Amino acid sequence: MVATGLLALGSSRAHVRDAAMLHGFVALDRPRVHEAMVALVHLADPLPYLAVGAALILWAVKRGLPRRAGAVAALLVVTGACTQALKHLLAQPRFEAWLGVDQIGEASWPSGHSTAAMTLALCAVLVAPAALRPAVAVLGGAFAAGVGYAVLVLAWHFPSDVLGGFLMAGTWTALAVAALRVVEPRRERAAPAYGWGLGASVAAGLAAVVVAAVPRDSVALYAAERPMVVLGVLGIAALAGVLAAGLARAA
């Protein structure tokens, strides 16, 4: 997360590539997908975030996992608070002429919507029954990556903002899992071992969904003209898949 922030905010070369990725995503904002992107982003707004988070807490309590319920409650607050604090602490302009009057705000790294989406995804994996964790990891990773793609298509954030948000959620969730390993009885965390192939499967599926958003007869041309967006699609999908699958394995 620190490395991503340093590159995003302190390296002109990294910013050039960041902006190139964003340009490719923004070109996908077409009438047939615009409303879907807006609806997807709003699923990570504060009210849905709190509603889903409360449902996950209640589910953990119902399953007799009070420590995990407490971890989810803490993660919902801490990840959001740290993201907002960093946004304002590290705020700086990242001007791009092609964005015109619709410049991305100075307080944009890391992305709050991406943090929220990934936090919900990881919390869902954390409280899911062991047998369902692979499926929850796939769905959660898809949701988080979808929100990440949507904020880019709508030009709300740079790709590095999305990666920073995912890593913010992943960092705090990893710390929560480390704490749970100390305080939880072993029976509460016993689970089958999942291979890292799950992460690769999530990543491949998410990339395929995004490619499907481009007309089939222009996929190759689009990728050839905008190679950086291909890297952005794969990078976001890979990080979402690895975080979700990693938690399913560790939880």
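Going by the numbering used here, the sequence shown opens with residue 4, and the numbers climb by one from there.
Cβ coordinates follow ideal geometry from the N, Cα and C atoms, glycine included.
Source: prediction; values computed, not measured.
#1: With a cut-off of 8 angstroms, do at least 3 Cβ pairs link the stretch 115–128 to the stretch 169–178?
#2: Per DSSP, what kind of secondary structure is Arg66 in: helix, strand or coil?
#3: Quick one: what does DSSP say Pro113 is sitting in, helix, strand or coil?
#4: Taking the alpha carbon of Ala248 as the reference point, which residue from Asp21, Phe161, Leu59, Leu135 has its own alpha carbon closest?
#5: Use the C-beta contact count for Phe28: other C-beta atoms within 10 angstroms, 16 or more gives buried, fewer gives exposed.
#6: Gly238 to Pro230, Cα distance in whole Å?
#7: If you run the structure through DSSP and keep just helix, strand and coil, what is Ile239?
#8: With a threshold of 16 other CB atoms inside 10 Å of the CB of Ser221, please say whether the residue is buried or exposed.
#9: In terms of alpha-carbon separation, which member of Leu155, Leu157, Ala84, Gly151 lies closest to Ala243?
#10: Distance check for Lys90 and Val5, CA to CA, integer angstroms please.
#11: For Gln87, does the three-state DSSP call read helix, strand or coil?
#12: Could you check how far apart the C-beta atoms of Ala74 and Leu183 are, in whole angstroms? I think they sit under 8 angstroms.
#13: So, is Asp21 buried or exposed, given that buried needs 16 or more other C-beta atoms within 10 angstroms?
#14: Phe161: buried (16+ other C-beta within 10 angstroms of its C-beta) or exposed?
#15: Are Leu25 and Ala17 closer than 8 angstroms when you measure CB to CB?
#16: Nearest CA to the CA of Trp112: which residue from Leu129, Ala94, Leu68, Leu155?
#17: What are the start and end residues of the alpha helix (DSSP H) that includes Pro162?
#18: Write down the C-beta distance between Arg148 and Ala240 rounded to the nearest angstrom, noting that I regard them as a contact closer than 8 angstroms.
#19: Taking its Cβ as the centre, do 16 or more other Cβ atoms sit within 10 Å of Val139, making it buried, or is it exposed?
#20: Using CA atoms only, rank isn't needed, just tell me which of Arg66, Leu53, Ala57, Val64 is closest to His116.
For this structure:
#1: Touching, per the Cβ criterion.
#2: For the purposes of this step, residue 66 is taken as the residue at position 63 of the sequence shown. Under the three-state reduction of DSSP, Arg66 is assigned to coil, being neither helix nor strand.
#3: What you label residue 113 is simply residue 110 of the sequence shown in a count that begins at 1. Looking at Pro113 - three-state DSSP - the assignment turns out to be coil, as it is neither helix nor strand.
#4: Residue 248 sits at position 245 when you count from the first residue of the sequence shown. For the residues Asp21, Phe161, Leu59, Leu135, the minimum Cα distance to Ala248 belongs to Leu135.
#5: Here residue 28 refers to the residue found at position 25 of the sequence shown. Counting Cβ neighbours within 10 Å, Phe28 comes out buried, since at least 16 surround it.
#6: In the sequence shown, counting from the first residue as 1, residue 238 sits at position 235. In the sequence shown, counting from the first residue as 1, residue 230 sits at position 227. If you take the alpha carbons of Gly238 and Pro230, they lie about 12 angstroms apart.
#7: Counting from 1 along the sequence shown, the entry for residue 239 is found at position 236. Ile239 falls in the helix class under three-state DSSP.
#8: Indexing the sequence shown from 1 puts residue 221 at position 218. For Ser221, the predicted structure reports a pLDDT of 47, less than 50, and the residue's modelled location is therefore unreliable. A value from the coordinates is still provided. Around the CB of Ser221, fewer than 16 other CB atoms lie within 10 Å, so the residue is classed as exposed.
#9: Within the sequence shown, residue 243 is the residue found at index 240, counting from 1. The option with the nearest alpha carbon to Ala243 is Gly151.
#10: Here residue 5 corresponds to residue number 2 of the sequence shown, with the count starting at 1. Here residue 90 corresponds to residue number 87 of the sequence shown, with the count starting at 1. Spanning the two alpha carbons is a distance of roughly 13 angstroms.
#11: Position 84 of the sequence shown, counting from 1, holds the residue named residue 87. DSSP, reduced to helix, strand and coil, places Gln87 within a helical segment of the structure shown.
#12: What you label residue 74 is simply residue 71 of the sequence shown in a count that begins at 1. What you label residue 183 is simply residue 180 of the sequence shown in a count that begins at 1. For Ala74 against Leu183, the beta-carbon gap comes to about 6 angstroms, under 8 angstroms, which counts as contact.
#13: Your numbering for residue 21 matches position 18 in the sequence shown. Looking at its Cβ environment, which holds 16 or more other Cβ atoms inside 10 Å, Asp21 is buried.
#14: Taking the sequence shown and counting its residues from 1, the one referred to as residue 161 is at position 158. By the 10 Å Cβ count, Phe161 comes out buried.
#15: Residue mapping note: residue 25 aligns to position 22 of the sequence shown, counting from 1. Residue mapping note: residue 17 aligns to position 14 of the sequence shown, counting from 1. Not a contact, by the Cβ cut-off of 8 angstroms.
#16: Residue 112 sits at position 109 when you count from the first residue of the sequence shown. Of Leu129, Ala94, Leu68, Leu155, the residue nearest in Cα terms is Ala94.
#17: On the sequence shown, residue 162 is found 159 positions in, with the first residue counted as 1. 162–186 is the span of the alpha helix (DSSP H), which, as asked, contains Pro162.
#18: Reading the sequence shown from its first residue, position 145 is the one you call residue 148. Reading the sequence shown from its first residue, position 237 is the one you call residue 240. Inspection of the sequence shows that residue 148 is occupied by Ala rather than by Arg. Indeed, because the Cβ distance is near 5 angstroms, the residues count as touching under 8 angstroms.
#19: Here the question's residue 139 lines up with position 136 in the sequence shown. With 16 or more other CB atoms across the displayed protein chains lying within 10 angstroms of its CB, Val139 is buried.
#20: Counting from 1 along the sequence shown, the entry for residue 116 is found at position 113. Per the Cα distances, Leu53.
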